[in-house]
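A quick write-up on the structure given underneath.
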Amino acid sequence: MSQTITQDFLSDIVARALKRGATDAEAIAIETTDFSVEVRLGQVEKLQEAASRGLGLRVLYEGRQASCSTSDVSEAAINALINDAVEMARLTSIDEAAALIGKDELAERALLPDLGLYDQTIASLPTERKIEMAKAAEAAARARDPRIVNSEGASCSTTIGRVVMAASNGFAGEYQSTVCGLMVQPIAKDGDAMQAQMQVGSWGDFARVFSKRDSPELLGQVA
């Protein structure tokens, strides 16, 4: 994802849709980066990281509407996206509820509260630290009780998201979000007999702000 999608980029797509005949239009882009690491018995078993991006366009034409999407932001793909959306809108049935919010109903950005969706600490968390957190949670679970004889493992994950939007009613904006998750699954054996029952415990925690998460040690003990 070398090209960063900006509000101006989406505003241009909206303007081009209007030139193709759309009555109104709105464009939205969603970018995410997902990371996860799984450890078991103190060793890393799986590590994954993936980035994705999608761009959607909704157009309205004389009471009709249609939506198209793409993950390709090349000029040719954007042209096709606009053409397809406008043509589909011309062919669909009238939807009396199809409309954008009025300009006079748009919220003033300065009055909007900070929802606390994004934490730079999570966004910049090193891979080594995420591995350490998963290992610490599993170690705490295994040390909690002598009946903990094995482990299904522990995992640490992060998701970093960005949403950008522009519409023909004058709105243009974006926001970022983060989530950090930690989960552990210890295995306990009740009794020494070969037929003793095995039980798997599980506990996890997800937080948008790193400082508000449960510690790996607490999470492991609860599990």
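Each residue of the sequence shown is one higher than the one before, counting from 446 in the numbering used here.
All C-beta atoms, glycine included, are put in the ideal place defined by N, C-alpha and C.
For clarity, every value in this text was computed on a predicted model and none was experimentally measured.
Quick one, which of the options has its alpha-carbon nearest residue i's?
{"i": "Asp-564", "options": "Ile-546, Ala-552, Ile-473, Thr-604", "result": "Thr-604"}
{"i": "Gly-626", "options": "Gln-452, Ile-475, Glu-483", "result": "Glu-483"}
{"i": "Gln-644", "options": "Lys-580, Val-667, Ser-596", "result": "Ser-596"}
{"i": "Ser-456", "options": "Ala-582, Glu-619, Ser-647, Leu-663", "result": "Glu-619"}
{"i": "Ile-450", "options": "Pro-631, Thr-477, Arg-465", "result": "Thr-477"}
{"i": "Gly-499", "options": "Arg-509, Cys-513, Ser-647, Ala-474", "result": "Ala-474"}
{"i": "Asn-528", "options": "Asp-453, Leu-556, Arg-465, Val-629", "result": "Arg-465"}
{"i": "Glu-573", "options": "Leu-492, Lys-657, Ser-660", "result": "Leu-492"}
{"i": "Ala-586", "options": "Gly-649, Lys-657, Leu-551", "result": "Gly-649"}
{"i": "Asp-479", "options": "Glu-550, Glu-541, Arg-607", "result": "Arg-607"}
{"i": "Phe-454", "options": "Ala-579, Glu-507, Met-610, Val-624", "result": "Met-610"}
{"i": "Arg-509", "options": "Thr-515, Leu-536, Asp-517, Asn-524", "result": "Leu-536"}
Can the beta-carbon of residue i be found closer than 8 Å to that of residue j?
{"i": "Ile-593", "j": "Ala-534", "result": "no"}
{"i": "Asp-502", "j": "Ala-470", "result": "The sequence shown places Leu at residue 502, rather than the Asp named in the question. Going by C-beta atoms, Leu-502 is nearer than 8 Å to Ala-470."}
{"i": "Gln-642", "j": "Arg-589", "result": "no"}
{"i": "Ser-481", "j": "Ser-602", "result": "yes"}
{"i": "Thr-468", "j": "Leu-505", "result": "yes"}
{"i": "Ala-581", "j": "Glu-662", "result": "yes"}
{"i": "Ser-600", "j": "Met-628", "result": "yes"}
{"i": "Ala-668", "j": "Gln-630", "result": "yes"}
{"i": "Cys-513", "j": "Ala-496", "result": "no"}
Quick check: what's the CA-CA separation for residue i versus residue j?
{"i": "Ala-511", "j": "Ile-567", "result": "37 Å"}
{"i": "Ser-647", "j": "Glu-541", "result": "49 Å"}
{"i": "Ile-539", "j": "Glu-532", "result": "14 Å"}
{"i": "Asp-635", "j": "Thr-623", "result": "39 Å"}
{"i": "Leu-570", "j": "Ala-552", "result": "33 Å"}
{"i": "Glu-507", "j": "Asn-524", "result": "21 Å"}
{"i": "Leu-664", "j": "Pro-591", "result": "17 Å"}
Quiz item: Does the stretch 446-463 touch the stretch 483-491, meaning 3 or more C-beta pairs lie closer than 8 Å?
Solution: By the Cβ test, the stretch 483-491 is not in contact with the stretch 446-463, since fewer than three Cβ pairs between them sit closer than 8 Å.
Exercise. Note down, one range per segment and in chain order, each beta strand (DSSP E) of at least 3 residues found wholly within the stretch 597-652.
Key: 617-635, 642-645, 648-652
Exercise. Jot down the residue ranges of each uninterrupted alpha helix (DSSP H) in the stretch 503-541, minimum 4 residues, whole runs only, in chain order.
Key: Complete alpha helix (DSSP H) runs here, min 4: 520-536.
Quiz item: Should the stretch 650-660 be regarded as contacting the stretch 558-573, the criterion being three or more beta carbon pairs within less than 8 Å?
Solution: yes
Quiz item: Three or more C-beta pairs closer than 8 Å, one from the stretch 527-547 and one from the stretch 606-614: is that the case here?
Solution: yes
Quiz prompt | Complete beta strand (DSSP E) runs within the stretch 460-497 (minimum length 3 residues, chain order) | solution = 469-485
Quiz item: Counting only runs that start and end within the stretch 555-601, where is the alpha helix (DSSP H) found for 4 or more residues in a row?
Solution: 565-568, 572-589
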